[in-house]
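4 protein chains.
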Amino acid sequence: MENQLVRREARTEGTIVHLKNGASFGGDVLAVCAGPCSIESREQIERTASAVAKQGANVLRGGAFKPRTSPYAFQGLGEEGLRMMREAAGCNGLAVVTEVLDVRDVELVSRYADILQIGTRNMQNFSLLREVGESGMPVLLKRGISATVNEWLMAAEYIALTGNQRIILCERGVRSFDSATRNLLDLAVIPLLATLTHLPVIVDPSHGTGIAALVEPMALAGVAAGADGLLVEVHPDPASAASDGPQSLTFEQFEHLMRVLPAVARAAGRGVPAATLAA
Amino acid sequence: MENQLVRREARTEGTIVHLKNGASFGGDVLAVCAGPCSIESREQIERTASAVAKQGANVLRGGAFKPRTSPYAFQGLGEEGLRMMREAAGCNGLAVVTEVLDVRDVELVSRYADILQIGTRNMQNFSLLREVGESGMPVLLKRGISATVNEWLMAAEYIALTGNQRIILCERGVRSFDSATRNLLDLAVIPLLATLTHLPVIVDPSHGTGIAALVEPMALAGVAAGADGLLVEVHPDPASAASDGPQSLTFEQFEHLMRVLPAVARAAGRGVPAATLAA
Amino acid sequence: MENQLVRREARTEGTIVHLKNGASFGGDVLAVCAGPCSIESREQIERTASAVAKQGANVLRGGAFKPRTSPYAFQGLGEEGLRMMREAAGCNGLAVVTEVLDVRDVELVSRYADILQIGTRNMQNFSLLREVGESGMPVLLKRGISATVNEWLMAAEYIALTGNQRIILCERGVRSFDSATRNLLDLAVIPLLATLTHLPVIVDPSHGTGIAALVEPMALAGVAAGADGLLVEVHPDPASAASDGPQSLTFEQFEHLMRVLPAVARAAGRGVPAATLAA
Amino acid sequence: MENQLVRREARTEGTIVHLKNGASFGGDVLAVCAGPCSIESREQIERTASAVAKQGANVLRGGAFKPRTSPYAFQGLGEEGLRMMREAAGCNGLAVVTEVLDVRDVELVSRYADILQIGTRNMQNFSLLREVGESGMPVLLKRGISATVNEWLMAAEYIALTGNQRIILCERGVRSFDSATRNLLDLAVIPLLATLTHLPVIVDPSHGTGIAALVEPMALAGVAAGADGLLVEVHPDPASAASDGPQSLTFEQFEHLMRVLPAVARAAGRGVPAATLAA
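Residue numbers (numbering that gives the first Met the number 0), protein chains in the order written: chain L, 0 to 278; chain F, 0 to 278; chain G, 0 to 278; chain R, 0 to 278.
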């Protein structure tokens with residue numbers, strides 16, 4: 000009854016998820032996914048895509064369908080947002096990762112995305128796991144808010160059972176008793192997962208801490224621990240963001256992160272993506 | 000941005016969810032939901048329905064679509080199971096509560112159930128919340144595995160916003176650091192919720208503890224704390240159950256619970272359902 | 000290496016801790032310990048002792064040495080407070096339970112107390128456990144803020160190894176991810192401990208919830224779950240209390256609790272202490 | 000009522016704790032504390048001291064008074080162990096850090112140690128905090144098993160109030176719901192504490208993970224996150240260790256850690272201690 004397909008022993012080499020734009024998860028070069036929590040406007044996503052691409056990000060993140068605790072909070076721009084994001088990514092050589100919330104939207108989101116994200120609230124939405132698996136698209140599977148490592152790998156197994164093993168695990172912090180940070184970023188799972196599964200693992204220090212000032216040090220720590228990439232929230236003006244402002248980096252903060260990242264990446268035996276020649 | 004519709008102040012009186020068979024949640028008489036974790040066979044569900052009805056249960060619980068951590072675990076009998084359950088309930092004057100996992104199954108499950116259950120893994124599956132809300136059916140909303148009370152009420156608000164306020168909250172234990180019990184049953188939410196919402200609240204001591212020997216004392220404790228009802232797993236032969244055996248009561252254990260329940264219920268100002276004249 | 004002395008199998012019958020004033024923990028009659036968090040003045044402790052004795056409490060609680068998170072918070076009146084408390088208890092037929100923080104104070108506190116309390120922060124202060132054990136006094140051992148049941152029983156074993164088995168366990172809530180309550184009261188440990196140890200177990204719904212309005216329902220729930228007694232904070236004027244005001248009952252609230260308690264106690268097969276004829 | 004003395008604003012520069020052997024916490028060069036969980040024999044501590052000194056450790060760790068969950072577990076060699084450790088350290092140019100459990104032992108332990116360690120179980124043993132503060136010795140204050148950052152800083156404030164600010168904070172993991180690791184190492188507190196206090200902070204990846212294979216990556220992650228040093232368990236033969244074997248590094252594993260550490264340290268703007276010329 001254990002996980003069969005995603006466990007370490009099932010493959011001699013680690014899985015590398017390659018994207019069309021050259022980005023990869025699990026290889027020698029880190030994947031750097033950056034962008035806003037929510038797509039808010041054409042201008043916002045274009046400016047962000049251009050800025051992060053120049054600094055070396057190779058995947059654009061951004062939400063068009065937003066899972067929000069409150070039904071009164073901003074729920075995202077839907078397909079219109081996806082279209083904006085796809086264009087902004089294309090102009091800057093970036094791939095697109097974005098969340099899908101509903102089994103009925105998998106086909107729609109797949110038209111615009113390179114990676115389908117399963118958010119923390121849906122880690123055990125087994126219908127959705129099967130559906131994104133069937134799509135054949137790469138899947139970024141975030142850890143549930145208090146999921147054990149075993150539960151997380153079993154969720155990946157649901158996807159893998161469809162025949163799709165292009166799965167990227169993403170540690171994004173677990174629920175904590177201490178409100179000093181938004182979540183408790185559990186970096187030890189990175190080396191632990193390397194012993195348990197052949198799947199690549201990335202780190203989201205934005206949700207993992209909830210505090211912009213902690214994102215850079217925790218991104219570096221994640222890479223030092225062996226992560227295959229980063230998922231970072233970047234916004235042109237965090238103070239006015241529709242969601243997750245306090246944890247979003249400004250362009251300047253992201254630039255700084257990308258400047259200090261190579262030394263730590265090198266120490267961990269990794270390269271960083273080359274900046275694309277953005278418009 | 001706070002919850003508007005489900006909060007205490009939104010109604011002068013507590014919401015009572017009435018079912019056709021006379022069971023109600025939130026009134027003077029407790030609701031007692033009992034039955035197996037999974038529907039396994041016609042004989043299993045019929046024997047259980049008959050036994051629990053005789054002892055005073057007024058709602059039959061049982062899963063036909065099972066959310067299982069492992070994809071290799073028993074996933075339920077699907078529609079065939081729903082049909083068996085409906086018949087077994089009907090013969091014994093019981094209403095039916097059963098879980099729905101997928102937005103595409105809401106209509107199907109609604110044909111067989113009196114209450115749609117949202118399981119702990121789907122508490123923030125917002126698409127599903129909206130869909131069960133739209134169905135107009137009563138909804139039993141289990142607390143997420145580490146959901147705060149605020150997040151739980153916000154999930155209820157998603158349902159209420161569809162115009163459907165026939166919502167029953169169900170405390171089923173939260174994730175704990177101590178593996179001595181399966182979950183940590185948080186009974187303080189019962190009186191706390193009474194100050195925060197007009198919705199009825201019931202307790203699931205089976206998942207809340209994971210240990211059959213603790214079910215009766217925690218059921219009594221829940222009623223003493225003010226719960227509007229119970230959700231209890233009962234199985235003809237727990238040792239051979241397809242799921243949740245260790246926390247399932249035998250018929251004899253359930254009978255004992257129903258014998259000691261009235262005194263505590265009375266002390267809490269409540270009655271217990273009268274046993275139906277089962278076939 | 001398991002606990003040997005405190006485990007269930009080590010004794011055929013449950014341990015009953017008897018006090019000189021007739022109160023007992025583990026017998027047919029509940030122990031009801033009530034009083035302020037901190038002893039603040041002669042008038043405060045006298046008024047409280049008189050009030051709670053009239054309602055049926057049989058043990059006076061109150062802190063003279065206070066373990067406070069902040070060194071700038073009120074640290075207690077020390078020996079002067081103990082003297083006040085002893086007198087107030089004596090005039091009202093009450094026994095005294097009070098916390099000892101330092102191995103060097105065990106002898107001093109023993110002169111004034113009937114039960115030495117080990118607070119949650121000191122559950123694994125092994126020197127202190129040995130010292131209170133050696134004193135031969137009854138010991139009330141609170142559960143550590145995130146102690147497992149096994150760690151808690153092992154702490155009791157440290158005491159028992161000194162030859163002193165007059166140990167009372169006290170569940171007072173564990174650390175939670177949800178700030179809606181101060182702690183998460185884990186009532187399932189009551190029936191669980193009954194299977195694991197012969198020691199009596201009481202419940203502290205005041206620290207367990209941190210909210211006065213939740214104290215009565217959780218006290219009743221604790222008794223319904225099988226607790227051998229209660230530890231409740233009562234203060235003449237909670238709003239002006241030096242510590243723990245929000246969770247302290249007024250005299251009226253305590254009176255109400257003691258009025259509704261007998262019915263639940265009876266349902267659980269217990270009696271409540273008779274009110275003493277207070278001066 | 001907030002912490003006054005240890006907070007960031009109370010000093011313009013970060014506190015550096017200097018030891019006589021040249022080691023320092025908070026300066027440009029990392030402190031590397033290594034050694035066994037328990038001192039077990041003269042040979043064991045001498046071999047370990049020699050090995051870790053050669054690789055660049057500058058502080059020897061080891062317990063002579065062991066706080067053990069079970070009273071039946073090995074409790075340490077006491078003063079005899081301290082003497083062995085002091086000699087082993089002296090021969091190898093190492094300073095000594097060791098735990099003190101009892102206020103009555105502070106003077107004794109101070110005769111043999113350069114740093115007094117307050118263990119996780121005693122973080123809120125306020126008498127002990129005051130006593131180690133009064134000793135004037137440097138204090139290594141481990142985080143409580145589920146202490147909030149605020150509680151931890153308040154514990155440091157208790158020490159600082161004695162006039163002794165030679166305090167080193169040590170993150171060692173917090174209690175988790177997932178038994179996949181022994182504790183959950185909370186590295187985000189490192190950059191967070193840098194904004195809240197002027198005190199140095201080190202990381203214990205041994206207790207933080209409980210698994211030897213995770214110690215190196217988490218040590219590197221800690222340094223990348225900005226830690227001022229490491230506390231690592233090293234044992235000549237982990238499989239036969241009296242305590243904490245599964246998380247102890249062999250000499251070879253420690254050597255490997257010290258070989259890869261400089262690159263990450265450099266990326267974080269730090270140096271590593273030079274290896275001493277061990278006898």
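A virtual CB, placed ideally from N, CA and C, is assigned to each residue, including glycine.
Distance CB(residue i)-CB(residue j) smaller than 8 Å
i, j, result
"residue 240 of chain G", "residue 35 of chain G", "yes"
"residue 180 of chain L", "residue 186 of chain R", "no"
"residue 269 of chain R", "residue 93 of chain R", "no"
"residue 48 of chain R", "residue 87 of chain R", "yes"
"residue 133 of chain L", "residue 4 of chain L", "no"
"residue 46 of chain G", "residue 235 of chain G", "yes"
"residue 131 of chain R", "residue 173 of chain R", "no"
"residue 137 of chain R", "residue 104 of chain R", "no"
"residue 209 of chain R", "residue 237 of chain R", "no"
Residue i, enclosing alpha helix (DSSP H) - first and last residue
i, result
"residue 54 of chain G", "41-54"
"residue 221 of chain G", "211-223"
"residue 3 of chain R", "No alpha helix (DSSP H) holds residue 3 of chain R; DSSP gives it neither H nor E."
"residue 164 of chain F", "It is not in any alpha helix (DSSP H) - residue 164 of chain F carries neither H nor E in the DSSP assignment."
"residue 188 of chain L", "188-195"
Given residue i as reference, the closest of the options once Cα atoms are compared
i, options, result
"residue 59 of chain G", "G:28, G:22, G:72 and G:68", "G:22"
"residue 68 of chain F", "L:116, L:245, L:153 and L:26", "L:153"
"residue 14 of chain L", "L:230, L:198, L:128 and L:131", "L:198"
"residue 253 of chain L", "L:183, L:232, L:140 and L:244", "L:232"
Proximity test, Cβ basis, 8 Å: residue i and chain R
i, result
"residue 69 of chain F", "no"
"residue 176 of chain F", "yes"
"residue 38 of chain G", "no"
"residue 145 of chain L", "yes"
"residue 66 of chain G", "yes"
"residue 202 of chain L", "no"
"residue 211 of chain L", "no"
"residue 279 of chain L", "Summary: the structure shown does not reach residue 279 of chain L, with chain L confined to residues 0 through 278, and so no result is reported for it."
Cβ-heavy atom distance, residue i to the ligand GDP, below 7 Å
i, result
"residue 89 of chain G", "This structure lacks the ligand GDP, and indeed carries no ligand of any kind."
Residue interval of the beta strand (DSSP E) (run including residue i)
i, result
"residue 94 of chain G", "94-98"
"residue 15 of chain G", "That residue, residue 15 of chain G, is in no beta strand (DSSP E); it is neither H nor E in DSSP."
"residue 33 of chain G", "30-34"
"residue 116 of chain G", "114-117"
"residue 201 of chain F", "200-202"
"residue 228 of chain F", "228-232"
"residue 58 of chain G", "58-60"
"residue 138 of chain L", "138-141"
Cutoff 8 Å: residue i Cβ touching any chain F Cβ
i, result
"residue 187 of chain G", "yes"
"residue 138 of chain L", "no"
"residue 287 of chain G", "The structure shown has nothing for residue 287 of chain G, since chain G only spans 0 to 278."
"residue 73 of chain L", "no"
"residue 101 of chain L", "yes"
"residue 199 of chain G", "no"
"residue 81 of chain G", "no"
Below-8 Å beta-carbon distance, residue i vs any chain G residue
i, result
"residue 2 of chain F", "no"
"residue 217 of chain F", "yes"
Chain L contact for residue i (CB, 8 Å cutoff)
i, result
"residue 277 of chain R", "The pLDDT assigned to residue 277 of chain R is 42, lower than 50, so where the model puts this residue is not dependable, and the model offers no usable value."
"residue 272 of chain R", "no"
**OP:** Below 7 Å between beta carbons is the criterion; list the residues of the region 150-184 of chain L that meet it against any residue of chain F, in chain order.
**Re:** 150, 153, 156, 157, 160 and 174
Original post:
Using Cβ-Cβ distances below 7 Å, what residues of the region 231-248 of chain L are close to chain F?
Top reply: none
Original post:
Just by C-beta distance, which residues in the region 104-126 of chain L are closer than 7 Å to chain F?
Top reply: 120, 121, 123, 124, 125 and 126
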